[in-house]
Structure formats: structure tokens, C-alpha cells
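Numbering (the numbering used here), first residue to last: 8 to 261. Everything below concerns the one structure shown next.
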């Protein structure tokens, strides 16, 4: 066994990281969202925030890869360009916050933010105005900042597209492409900054295996007639993960 793989398995509690990847994959497979909100509150109890985000981005850049060609064909290129333009501007600010913030503060913020975003999703909160280009740019900026700072870029885009006139397949295609492109942007940023270290990179590749398995299992479990049930289960798992992150701070555990 290569030494770096042995080092990965030697990390105390690393099994929880792989378990969180599996559960996040299952939920992503049957509900289509929730990966970061499930994975990060658990992973940051085991590894530092920067490592957790590297692991997340690596595994999440592998999982959707087979879907990207179709998503590019079915998506709305102009919207994607606007989203990415806003993201590129705001991402460095978010990453600066990530590198600066205390790990305990990160765990609290990511858990509270996950619960807040979950409340918005459950409440059906959505933008009801016209989707003009400046709003799409701004949404990309918010996604870039949140994604860089706490690893959760998706909800602003999802909430925006709830009001979109585009067909459902276009919305899903754009969301998939945006999140995949965001993963690549973050990984490239870490590489340029010299922070794409060997061990978290290997951990990301290792976590990709249960994540892919979870995606396949969740996809197999999906039945259109039970969509509300799947969403309820996803919401419950996201809430449990976020609350566990808060409890680890309040209870003084890691």
C-alpha cells in the first residue's frame, strides 16, 4: 500500500468522511442537490476546512463527469457565462475568508448557513422578478463568494432558477455545468496558490469511490412518483448533518 494511502487511513475518524461522501452521493442521486450541505459539517469534524473543501471539490468533480456533455448541449450558454463571470470576480474574496477563518468558526458558519438555506428551500422562497443579466451576474458573485468561503456555491443559483422561464431540463443542465465548473475553478485556484496538497488530494480521490457508489444507488432508488418523499428525506439528512456540526462545537467534541 502506498505510504500516502496508509497516511490517509491513519487519520482518526476518516471513516466518517467516507460515510458522509456515501450519504451525500445517495442524496445527490435521488434529490439532485445537497452534497456540500451534507458533507462539510461532518468532514470538518475530522479534517481542517481547507482540506474538507479540497476533498469535496475533487470527489464532486469526478461524480458528474459523465453528465457534462449532455448538460453542455441542453444548457443556456449566455446564463452560464454570466454566472461564471460573477463567480470569477468573487471567488478570490471567498477563498481569502476561507484561508483566514478559524476552523471552529467555519464549522459553526457552514452549519448555520446550511440550516438557513434549507429553511429557504423548504419554505419555497424564490425570486419573483424578471431575470435580467445584472441579476445573473450578481447571483454568480454570491455563489462564488459562498463557495470560496464555505464551499456552498449552489443554493443562490438554485433559488434564482426557481424563478427562471427556462424548461426544467435547461435549469438542471445549467446547474450541473455551473457546479462542475465551480469545482474546477476552486481546484485550479488551490493549485496556483500552492494549496492543492498531496494528502487531501488523495483523500478526495478515495472519497470519490463511495460518492460515485452513492450517486448510482440514489439514481437507482429514484422513482418520479416519490419526489416529495425524496426531498423530505434529503431535507432531514441535511438538517441532521448541520446540527451534528453545531453540536460538535457546543459539546466540545471533534
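Think of the CB as a built atom: it goes at the ideal place given N, C-alpha and C, for glycine as much as any other residue.
Item: Residue 58 classed as buried or exposed, judged by whether at least 16 other C-beta atoms fall within 10 angstroms; Value: buried
Item: The stretch 18 to 28 / the stretch 43 to 53 touching (three or more Cβ pairs under 8 Å); Value: yes
Item: Cβ contact (3+ pairs, closer than 8 Å) linking the stretch 63 to 80 and the stretch 247 to 259; Value: no
Item: Which of helix, strand or coil DSSP assigns to residue 81; Value: helix
Item: Beta-carbon gap between residue 148 and residue 93 smaller than 8 Å; Value: yes
Item: Reference residue 196; option with closest CA among 87, 46, 95; Value: 95
Item: Residue 14 classed as buried or exposed, judged by whether at least 16 other C-beta atoms fall within 10 angstroms; Value: exposed
Item: Whole-angstrom distance between residue 60 and residue 222, CA atom to CA atom; Value: 19 Å
Item: Backbone CA spacing between residue 45 and residue 244 [nearest angstrom]; Value: 7 Å
Item: Cα-Cα separation, residue 193 to residue 75; Value: 18 Å
Item: Closest by C-alpha distance to residue 28, when choosing among 10, 41, 174, 17; Value: 41
Item: Beta-carbon spacing of residue 35, residue 225 below 8 Å; Value: yes
Item: Same chain only: Cβ atoms within 6 Å of residue 209, ignoring 5 sequence neighbours per side; Value: 11, 15
Item: Same chain, Cβ closer than 6 Å to residue 241, five either side skipped, listed in chain order; Value: 34, 38, 41
Item: Spatial distance of residue 126 from residue 177 (CA atoms); Value: 25 Å
Item: Exposure label - residue 213; buried when at least 16 CB within 10 Å; Value: buried
Item: Integer-rounded CB distance, given that residue 205 should sit under 8 Å from residue 152; Value: Going by Cβ atoms, the distance from residue 152 to residue 205 rounds to 28 Å, so no, they are not a contact pair.
Item: Residue closest to residue 121, alpha-carbon to alpha-carbon, out of 198, 30, 159; Value: 159
Item: Own chain, CB closer than 8 Å to residue 172, minus 5 neighbours either side, in chain order; Value: 138
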